[in-house]
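Those protein sequence lines, which keep their order, are chains A and P.
Using the numbering used here, you'd call the opening residue of the first sequence number 1 and step up by one each time.
Using the numbering used here, you'd call the opening residue of the second sequence number 1001 and step up by one each time.
Here a beta-carbon is modelled for each residue, glycine too, at the ideal position from N, C-alpha and C.
Structure, as structure tokens:
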Amino acid sequence: MSSSLIPPESLARVGEILAGPVTVVIDRREAQRYAYAVGDENPVYFDESAAEAAGYRTITVPPLFVTHALVPPKPANMLREDGLYQDATSVHLEVSRMMFGGEEWDFVEPVCVGDEITATTRLADLDQKEGSKGPFVRLVRETTFVNQEEQLVARSRQIGIAR
Amino acid sequence: MSKYPTLASTNVGDQLPLMRKSANEAELFLYSAASFNPHRIHYDRAYAHHEGHQDTVVHGPLQGSWLTQFVTDWAGPNARLISIEWQNRASVFVDEEVQFSGTVVALDTLESIVELEIFEQKTDGTILMPAKAHVRLEER
């Protein structure tokens, strides 16, 4: 049995809010920049009549855009050597490397331009496992996205693998 | 007849049309900007080498958005993406061509939802992202 990679004070944070609640209005230009940047020129992201014909209230946005719309602006003096921002909400683990393991998304209601979306991220799970290359930690950050009508529009679970 | 699948026209075992993607340096930079992601491994080749990568790295969420496009391009504008999930197995690098393939693996006729099994692969067949999606189609 290997020693724990998860300090007790980190384990105690399961369920805690890591970020938010933060609210933004979904901006048409930002969403369209995102759609062009991923090469997805679906008319429902650009043309109001195409979006309405497809049953949307107005122009909708690429499914994963909502997570980027909510990235808070930060000053350059918070940049680390690797280009990432210092993150006061990161969970302390006795590991040297954190990797993105994958994501799980549920889309409940459409997100359209002009919607006011509030996101809250929690530490949903922290679990040590034994892999073929030794012990690793599986960390799950769950974010809920709620609109101006207080409807849940989406839920994401980002899975981090640390070893 | 619509060029998009409906519940009535869809069968378990149906294959989605293949989609090929790659990102050059300018496209990686554009995605970094559009997603406000300043991580150097996505635009600074020397730094990517320093972190042990063979070249500039394609963002995981960019591949995630390619994946949602693969599904919504097949399903059409009147369909609704209900859920999607993927695992990151290996990295993709600048200018590297990847291919998305998918199969209908289940039909829920009560809810008009189809389940898709999807793979993002390198041209040599290496699996980059195994994925699963649920989409609600029009009935007919």
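Item                                                                                                                                                          : Value
Are the Cβ atoms of E104(A) and S156(A) separated by less than 9 Å?                                                                                           : yes
Would you mind working out which of T1010(P), N1024(P) and N1011(P) sits nearest E1097(P), comparing C-alpha positions?                                       : N1024(P)
From H1091(P) to F100(A), what distance separates their C-alpha atoms?                                                                                        : The sequence shown places Ser at residue 1091(P), not His. Taking the straight line joining both Cα atoms gives about 11 Å.
Could you tell me whether any Cβ in chain A is nearer than 9 Å to the Cβ of P1061(P)?                                                                         : yes
DSSP on I1113(P), reduced to helix/strand/coil?                                                                                                               : strand
Whose Cβ in chain A lies nearer than 9 Å to the Cβ of W1066(P)?                                                                                               : V38, G39 and D40
To the nearest whole angstrom, what separates the beta carbons of L1137(P) and T1010(P), a pair I think is in contact under 8 Å?                              : 6 Å
Can you pull the chain A neighbours of T1126(P), defined as C-beta to C-beta under 7 Å?                                                                       : Ordered by position in chain A, no residue passes the 7 Å Cβ test against T1126(P), which lies about 17 Å from the chain.
Would D127(A) be called buried (16 or more neighbouring beta carbons within 10 Å of its own) or exposed?                                                      : exposed
What does the alpha-carbon distance come out to for the pair S1035(P) and S132(A)?                                                                            : 34 Å
Got a sec: which bits of the segment 1078-1093 of chain P sit with their beta carbon under 8 Å from any beta carbon on chain A, in order along the chain?     : N1078, R1080, L1081, I1082, S1083, I1084, E1085, W1086, Q1087 and N1088
Under a Cβ-count criterion, where at least 16 other Cβ atoms within 10 Å of its own Cβ denotes burial, should G15(A) be classed as buried or exposed?         : exposed
Going by beta carbon distance, what residues of the same chain come within less than 8 Å of D47(A), once the five residues before and after it are set aside? : I59
Between the segment 143-151 of chain A and the segment 1043-1059 of chain P, do three or more beta carbon pairs fall short of 8 Å?                            : no
At a CB-CB cut-off below 9 Å, which residues of chain P make contact with F145(A)?                                                                            : What F145(A) touches in chain P: nothing, since even the nearest Cβ is about 14 Å away.
Quickly, what does DSSP pair V137(A) with across the bridge? List them, please.                                                                               : Q128(A) and A162(A)
Counting along the chain, where does the alpha helix (DSSP H) carrying R29(A) start and finish?                                                               : R28 to V38
If the cut-off is 8 Å on Cβ atoms, which residues from the segment 1004-1023 of chain P count as contacting chain A, listed in chain order?                   : K1021
Return yes when the Cβ of A162(A) is within less than 9 Å of the Cβ of V22(A), no when it is not.                                                             : no
In chain A, what lies closer than 8 Å to S1035(P) by C-beta?                                                                                                  : Y34, A37, H68 and V71
Taking DSSP's pairing of strands, which residues face H1134(P) in a bridge?                                                                                   : S1083(P) and E1115(P)
So for P1005(P), helix, strand or coil by DSSP?                                                                                                               : coil
Which runs of the beta strand (DSSP E) spanning at least 3 residues fall entirely within the segment 1012-1059 of chain P, listed in chain order?             : 1019-1021
Give me the residue from E1139(P), V1114(P), I1127(P) and T1126(P) with the minimum Cα distance to Q1015(P).                                                  : V1114(P)
In chain order, what residues of the same chain lie with their CB nearer than 8 Å to the CB of D1108(P), ignoring the 5 residues before and after it?         : V1114 and E1115
Quick check on this structure: which residue in N1078(P), A1075(P) and S1022(P) has the alpha carbon closest to the alpha carbon of H1059(P)?                 : S1022(P)
Closer than 9 Å, Cβ to Cβ, to anything on chain P: give me those residues from the segment 98-127 of chain A, in chain order.                                 : M99, F100, G101, G102, E103, E104, W105, D106, F107, V108 and P110
Under 9 Å between C-beta atoms, does H1039(P) make it to chain A?                                                                                             : yes
Using the beta-carbon of each residue, which ones in chain A are nearer than 7 Å to V1030(P)?                                                                 : In the sequence as displayed, the identity of residue 1030(P) is Leu instead of Val. Within chain A, the residues near L1030(P) are A37.
DSSP state of T67(A), grouped into three classes?                                                                                                             : helix
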